[in-house]
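So the sequences go chain by chain: A and B.
The opening residue of the first sequence carries number 2 in the numbering used here; numbering runs sequentially from there.
The opening residue of the second sequence carries number 553 in the numbering used here; numbering runs sequentially from there.
Comments concern the structure below.
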Amino acid sequence: ILNVEQSPQSLHVQEGDSTNFTCSFPSSNFYALHWYRWETAKSPEALFVMTLNGDEKKKGRISATLNTKEGYSYLYIKGSQPEDSATYLCAFIRAAGNKLTFGGGTRVLVKP
Amino acid sequence: GAGVSQSPSNKVTEKGKDVELRCDPISGHTALYWYRQRLGQGLEFLIYFQGNSAPDKSGLPSDRFSAERTGESVSTLTIQRTQQEDSAVYLCASSLSQAETQYFGPGTRLLVL
Chain A
2 ILNVEQSPQS LHVQEGDSTN FTCSFPSSNF YALHWYRWET AKSPEALFVM TLNGDEKKKG
62 RISATLNTKE GYSYLYIKGS QPEDSATYLC AFIRAAGNKL TFGGGTRVLV KP
Chain B
553 GAGVSQSPSN KVTEKGKDVE LRCDPISGHT ALYWYRQRLG QGLEFLIYFQ GNSAPDKSGL
613 PSDRFSAERT GESVSTLTIQ RTQQEDSAVY LCASSLSQAE TQYFGPGTRL LVL
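See the structure below:
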């Protein structure tokens, strides 16, 4: 069984504050890590695909880092806005030919 | 270009009936996944197709669930003898290959009465 863990499960953030949360995955045979944003009543949308140790990706106020040796990725939201409220999912693929395995998500609620 | 489409968008059925859900992936995408989200729950993997390889059915919850895919095109998810616990949003996603970004369809909302 492939365990992809996300913490915390939920997070309340005051508008304007910055926050971050974690995705942990097995460090052996790493192939790729994905981040998705899933807003209520919508379908998940891709944020980043990360493949190299030390990778840093940025999209607007959202960024992510990757450490494949220790098996974790952080997602950062700078200056949170109410529209950032969503569930953020990470997904891990161990090796070529294997399927993507999703974590349980971190639910972020940004309060005005 | 066209994204992933799913039909129907909503389906209400009676307990015990069979239902068929359809997914049209993005053209050229070799990988196709089915997931479901039950009320208050996260994303639950059901089945994965990759090209002409045998599908990964490890997420199907019971033998009432089956799925087919013709080549690299349309996929159908069939649920036989539906139960109330099958009520969920069923999501389909496709990607160029198994490691590439997944593009999700709008989902089919299934309600079993």
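All C-beta atoms, glycine included, are put in the ideal place defined by N, C-alpha and C.
Just the C-alpha distance for residue i and residue j, rounded to the nearest angstrom, thanks.
| i | j | result |
| --- | --- | --- |
| B/Gly568 | B/Thr634 | 5 Å |
| A/Lys112 | B/Asn604 | 47 Å |
| A/Gly55 | B/Thr582 | 29 Å |
| B/Leu584 | B/Gly657 | 11 Å |
| B/Asp576 | A/His13 | 37 Å |
| B/Thr565 | B/Leu663 | 6 Å |
| A/Ser86 | A/Thr20 | 12 Å |
| B/Val571 | B/Asn562 | 12 Å |
| B/Tyr587 | A/Ser8 | 22 Å |
| A/Ser64 | B/Pro607 | 34 Å |
| A/Val5 | A/Phe26 | 5 Å |
| A/Ser29 | B/Ser579 | 33 Å |
Does DSSP classify residue i as helix, strand or coil?
| i | result |
| --- | --- |
| B/Asp576 | strand |
| A/Glu16 | coil |
| A/Asp56 | coil |
| A/Gln10 | coil |
| A/Gln82 | coil |
| B/Asp608 | strand |
| B/Gln636 | helix |
| B/Leu667 | Only positions 553 to 665 of chain B appear in this structure, which leaves residue 667 of chain B out of reach. |
| A/Asn68 | strand |
| A/Asn21 | strand |
| A/Phe26 | coil |
| B/Lys569 | coil |
| B/Ser614 | coil |
Quick one, are the C-beta atoms of residue i and residue j less than 7 Å apart?
| i | j | result |
| --- | --- | --- |
| A/Gly80 | A/Arg95 | no |
| B/Ile631 | B/Arg616 | yes |
| B/Tyr655 | B/Leu573 | no |
| B/Gln589 | B/Ala640 | yes |
| A/Cys91 | A/Trp36 | yes |
| A/Thr23 | A/Tyr77 | no |
| B/Ala645 | A/Ala33 | no |
| B/Glu637 | B/Thr628 | no |
| A/Glu57 | A/Thr69 | no |
| A/Val50 | B/Thr653 | yes |
Let me check one thing: in DSSP terms, what residues is residue i bridge-paired to?
| i | result |
| --- | --- |
| A/Tyr32 | Partner(s): none; A/Tyr32 has no beta bridge. |
| A/Tyr38 | Checking the displayed sequence, the identity of residue 38 of chain A turns out to be Arg instead of Tyr. In DSSP, A/Arg38 forms a bridge with A/Glu46, A/Tyr89. |
| B/Leu662 | B/Lys563, B/Ala640 |
| B/Gln589 | B/Val641 |
| B/Arg621 | B/Ser627 |
| B/Leu584 | B/Phe601, B/Ser646 |
- Count the CB pairs spanning the segment 98-109 of chain A and the segment 583-597 of chain B that are closer than 8 Å, and state whether there are at least three. Counting C-beta pairs closer than 8 Å gives three or more between the segment 98-109 of chain A and the segment 583-597 of chain B, which meets the contact rule.
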